[in-house]
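Please read the structure below before turning to the comments.
In the numbering used here, the protein residues as written are 89 to 161.
Okay, here's the thing in C-alpha coordinates:
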(Lines of atoms letter the chains of each structure in order from A and count residues from 1; the text may use other names and numbers.)
(Lines give C-alpha, C1' and ligand atoms only; values in the text may rest on other atoms or scores of the structure.)
Protein backbone atom coordinates (compact mmCIF):
# COMPACT_ATOMS: atom_id res chain seq x y z
CA UNK A 1 0.00 0.00 0.00
CA UNK A 2 1.62 3.26 -1.02
CA UNK A 3 1.43 6.04 1.55
CA UNK A 4 2.09 9.73 1.20
CA UNK A 5 4.49 10.07 4.14
CA UNK A 6 3.90 13.81 4.39
CA UNK A 7 0.26 13.09 5.21
CA UNK A 8 0.97 10.42 7.82
CA UNK A 9 1.57 12.76 10.72
CA UNK A 10 -1.30 11.04 12.53
CA UNK A 11 0.82 7.89 12.64
CA UNK A 12 3.45 8.47 15.30
CA UNK A 13 5.43 5.39 16.26
CA UNK A 14 3.73 5.03 19.65
CA UNK A 15 0.29 4.99 17.97
CA UNK A 16 1.37 2.37 15.41
CA UNK A 17 2.86 0.20 18.13
CA UNK A 18 -0.23 0.39 20.36
CA UNK A 19 -3.16 0.60 17.92
CA UNK A 20 -5.08 -2.53 17.05
CA UNK A 21 -4.64 -3.98 13.59
CA UNK A 22 -8.31 -3.24 13.03
CA UNK A 23 -7.76 0.48 13.74
CA UNK A 24 -4.87 0.56 11.30
CA UNK A 25 -6.60 -1.39 8.51
CA UNK A 26 -9.79 0.65 8.83
CA UNK A 27 -7.72 3.85 8.53
CA UNK A 28 -9.21 5.09 11.80
CA UNK A 29 -6.21 7.39 12.10
CA UNK A 30 -7.45 9.53 9.17
CA UNK A 31 -9.74 12.46 9.84
CA UNK A 32 -12.19 11.23 7.15
CA UNK A 33 -12.48 8.80 4.24
CA UNK A 34 -11.91 11.58 1.71
CA UNK A 35 -8.21 11.33 2.58
CA UNK A 36 -8.05 7.83 1.06
CA UNK A 37 -6.95 8.03 -2.55
CA UNK A 38 -7.47 5.60 -5.38
CA UNK A 39 -5.12 3.75 -7.68
CA UNK A 40 -6.03 3.22 -11.34
CA UNK A 41 -7.31 -0.36 -11.59
CA UNK A 42 -5.80 -0.97 -15.01
CA UNK A 43 -2.28 -0.16 -13.84
CA UNK A 44 -1.96 -0.65 -10.10
CA UNK A 45 -4.59 -2.95 -8.74
CA UNK A 46 -5.28 -5.98 -10.88
CA UNK A 47 -7.57 -8.39 -9.01
CA UNK A 48 -6.20 -11.86 -9.77
CA UNK A 49 -8.85 -14.40 -10.86
CA UNK A 50 -11.49 -11.67 -10.71
CA UNK A 51 -10.52 -9.50 -13.70
CA UNK A 52 -9.44 -10.09 -17.27
CA UNK A 53 -6.08 -11.95 -17.08
CA UNK A 54 -4.72 -9.93 -20.02
CA UNK A 55 -4.62 -6.78 -17.86
CA UNK A 56 -2.32 -8.53 -15.37
CA UNK A 57 0.57 -8.25 -17.83
CA UNK A 58 0.30 -4.42 -17.74
CA UNK A 59 -0.26 -4.18 -14.00
CA UNK A 60 2.36 -3.12 -11.49
CA UNK A 61 0.49 -4.63 -8.54
CA UNK A 62 -1.35 -7.94 -8.41
CA UNK A 63 -3.99 -8.06 -5.68
CA UNK A 64 -4.81 -11.57 -4.47
CA UNK A 65 -8.35 -11.29 -3.13
CA UNK A 66 -9.64 -14.85 -3.46
CA UNK A 67 -7.45 -16.56 -0.90
CA UNK A 68 -3.73 -16.96 -0.48
CA UNK A 69 -0.93 -16.05 -2.83
CA UNK A 70 -0.32 -19.18 -4.90
CA UNK A 71 1.15 -20.18 -8.20
CA UNK A 72 -0.70 -22.33 -10.69
CA UNK A 73 2.53 -24.03 -11.70
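We treat Cβ as the ideally placed atom computed from N, Cα and C, and that holds for glycine.
Given the structure is predicted, the values throughout are model-derived calculations rather than measurements.
Residue i to residue j span [Cα, whole Å]
| i | j | result |
| --- | --- | --- |
| residue 126 | residue 100 | 24 Å |
| residue 143 | residue 94 | 31 Å |
| residue 119 | residue 97 | 11 Å |
| residue 139 | residue 106 | 37 Å |
| residue 116 | residue 141 | 34 Å |
| residue 110 | residue 121 | 15 Å |
| residue 151 | residue 124 | 18 Å |
Buried versus exposed call for residue i [16 or more other C-beta atoms within 10 Å across all chains shown]
| i | result |
| --- | --- |
| residue 113 | exposed |
Rounded distance between the beta-carbons of residue j and residue i, thought under 8 Å
| i | j | result |
| --- | --- | --- |
| residue 153 | residue 131 | Not confirmed; about 17 Å, so no contact. |
May I have a chain-ordered list of the alpha helix (DSSP H) segments no shorter than 4 residues that lie completely inside the segment 99–144? If only complete runs of 4 or more residues are kept, the segment 99–144 shows the alpha helix (DSSP H) at 101–106, 109–113, 129–132, in order along the chain.
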